[in-house]
Structure formats: structure tokens, C-alpha cells
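Working notes, structure below.
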Ligand code: ATP
């Protein structure tokens, strides 16, 4: 790659997630609060003379062709900007795949931001948001970062003021949870009564969680913890260890906990079951997220 740029793609956790009702377009109407964390994938994006898009990913579990969201982001951006040149991308995965941490979506957003910086050819912000939303419901959040409310199917983003930074542990048991399947298992039908009840309960916890760290709810816990009780058990362990917020992220299977002290986090880290992936990370404020996006040291050997 002669002309290339490196970008970080940060993961997200959900500080709460309410599924309101299934919509007529096949999606579910949700309300959530997204929060960026420092755990990240790394991308190296380069331009080349010939046409086409190539992706070289270090994780064989991630699709390398058109099914990769990075590929789709490139393709959509090239169509939007009428860009005929080729793009090659090296993708180093650190965010567990299928963990509800938004890895693929974040990679897609980082691709859009990286390619625009590399070429100097930028969509205006609303057009970039629309393009991101066409790639996936979580993608727009990763253009903004920090803390934000997600409405609609998650793609309508309303940035929130940052809370104070926290240490965070994320555990992933390696169980893949299919998001469409988790929605199906919720078994929601289209009723106004349910919608009203869900909106009211979202209001109850969001009023609190908009202001500070504290208890939060994720509707997917009901179905995911019923199937994998060990995920509920680790959440309870985090609560006993004095976490401020512990929750299933997205539709799982990652569970996270934030702590106001390294001592508590160290203590609880020792209790994580063998064989589970555990990531010590921290929450990122929006300005930090934006500052760190392009500060990437070369790939580790
Ligand atoms: P979602 O809730 O959108 O399913 P997630 O955070 O649980 O997302 P991801 O790590 O984004 O999970 O992966 C979800 C699916 O997307 C996987 O099945 C994977 O094959 C596919 N995928 C496409 N592109 C990527 C990518 N760049 N990184 C990881 N997975 C990707």
C-alpha cells in the first residue's frame, strides 16, 4: 500500500436497551443508550490504482468478501462519491465477533471515516449518517462516539453529555448469539398497550441513567439469561463485587461491568470462569473517541 491510513474502530456497550415493538418494516423499534469503550479493532486502509476492494483480516471467523461490513462500507462510499479507484484494507480484530459489542458496525464506520480522510473526499455529515444507517442499525453511533441515545432501530442518534470515565470489564464466553434470533425469542407482538408500557419503563430507568452510572435494564437479558444461566451468574458476581452498572451488551453474549476503582475490578477479574475471554477496558468520552480514532501505532508483530 503506497498511500494508507490507520484507524481504530472502538467497541460499544449498551447502558440499557428496551425493545418496544416489532415494526411493519420487519425491524423492532428500540430505545438504547450507547457508550464507547477503548477496546478496539485496527484498520489499515490503502488506495490502489486498479479497481476492486480487498480485505485481509487476521480472524478466519470473519467473512473476507462482500459479507464483511467493511467491504460494504467501501462499496457504498465508492458508489456515493463515484470513486473508480481500488481500496485495500487490513483488518485486525480484537472485538469478539457476535458479542453485542458492535465490532462489525464499528469497523464499517471507521472505514467510512478513514477513506474520507485518506481521499479528502467527504460526504456532508447528514449524508454520511444516512449511508451508515443503510449499512446497519448500529453504524451511525460509531460516527459520533461517546454516549448517545439510539432510537428507531438504533440508527437515530442523539448525543448525550459524557458521564465521568469508568474502568470496565467485558467478558465473552464465546457463545455466539444471533441478533435476529434473540429478537424472535422476545416474541413481541404489535400492541399499543405493550408499546406504552415499554416506553414508560424506558423512561423510568433512562431518567436515572441519563444523569449518572447506575442500574440499567436490557430486555434481551430475559431470553439470553434463560438460555445461558452462566451469563446471569457472572452479572450477579459483578453486582456482588460492587459494580455501578452491569449488563448484557446488545443481544449478547458479552456481559460488562463498570467500576469506580481498579481494586474492585482486579478482585472481580480473578473470578471470571476459565476459558472466557475477558477485556479490561474503559469508557471513552466523545472528544477522546474522536481524538484517538486516527492515533494508531503500527500493527504489533
Ligand atoms: P450485531 O448485534 O449487529 O449482530 P455484534 O456486535 O453482535 O453485532 P459483530 O461482531 O458485529 O457482532 O458480528 C456480527 C456478524 O457480522 C458476524 O456473524 C460476522 O460474520 C458479521 N461481520 C461482518 N463484517 C464483520 C466485521 N468486520 N467484523 C466482525 N463481524 C463481521
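Residue numbers (this note's numbering): -11 to 289.
All C-beta atoms in this analysis are idealised placements derived from N, C-alpha and C, irrespective of residue type, glycine included.
Small disclaimer: the values here were computed from a predicted structure and weren't measured.
Please report the straight-line C-alpha distance between residue 265 and residue 162, rounded to a whole angstrom.
7 angstroms
Write down the C-beta distance between residue 87 and residue 237 rounded to the nearest angstrom, noting that I regard them as a contact closer than 8 angstroms.
7 angstroms
Pick helix, strand or coil for residue 275, following the three-state DSSP scheme.
helix
Contact under 8 angstroms by Cβ, residue 256 with residue 229:
yes
Rounded Cβ spacing between residue 33 and residue 75 (contact assumed at less than 8 angstroms)
7 angstroms
Using 8 angstroms for Cβ pairs, my map puts residue 96 next to residue 140. What's the rounded Cβ distance?
Actually they are not in contact, since the Cβ atoms of residue 96 and residue 140 sit about 18 angstroms apart, beyond 8 angstroms.
Going by beta-carbon coordinates alone, are residue 112 and residue 71 separated by less than 8 angstroms?
no
So is residue 60 buried or exposed if we call it buried at 16+ other beta carbons inside 10 Å?
buried
Since residue 59 is in the alpha helix (DSSP H), which residue starts that stretch and which ends it?
57 to 69
For residue 39 and residue 172, what's the separation of their Cα atoms in angstroms?
40 angstroms
Relative to the alpha-carbon of residue 52, which residue among 105, 81 and 9 has its alpha-carbon at the smallest distance?
81
Give me the residue from 22, 207 and 119 with the minimum Cα distance to residue 58.
119
Measure from the alpha carbon of residue 214 to the alpha carbon of each residue in 200, 246, 227 and 165, then state which is nearest.
165
Minimum length 3: unbroken beta strand (DSSP E) runs contained in the region -7 to 40:
16 to 36
Please check the pair residue 142 and residue 24, which I expect to be a contact at CB under 8 angstroms, by giving their CB distance rounded to whole angstroms.
Residue 142 to residue 24, Cβ: 15 angstroms. No contact.
Taking a contact to mean a Cβ-Cβ separation below 8 angstroms, would you say residue -6 touches residue 35 in this structure?
no
Residues bridged to residue 268 (per DSSP):
157
By the DSSP assignment, the beta strand (DSSP E) with residue 137 in it spans what residues?
135 to 139
Find out if the Cβ-Cβ distance for the pair residue 207, residue 3 is shorter than 8 angstroms.
no
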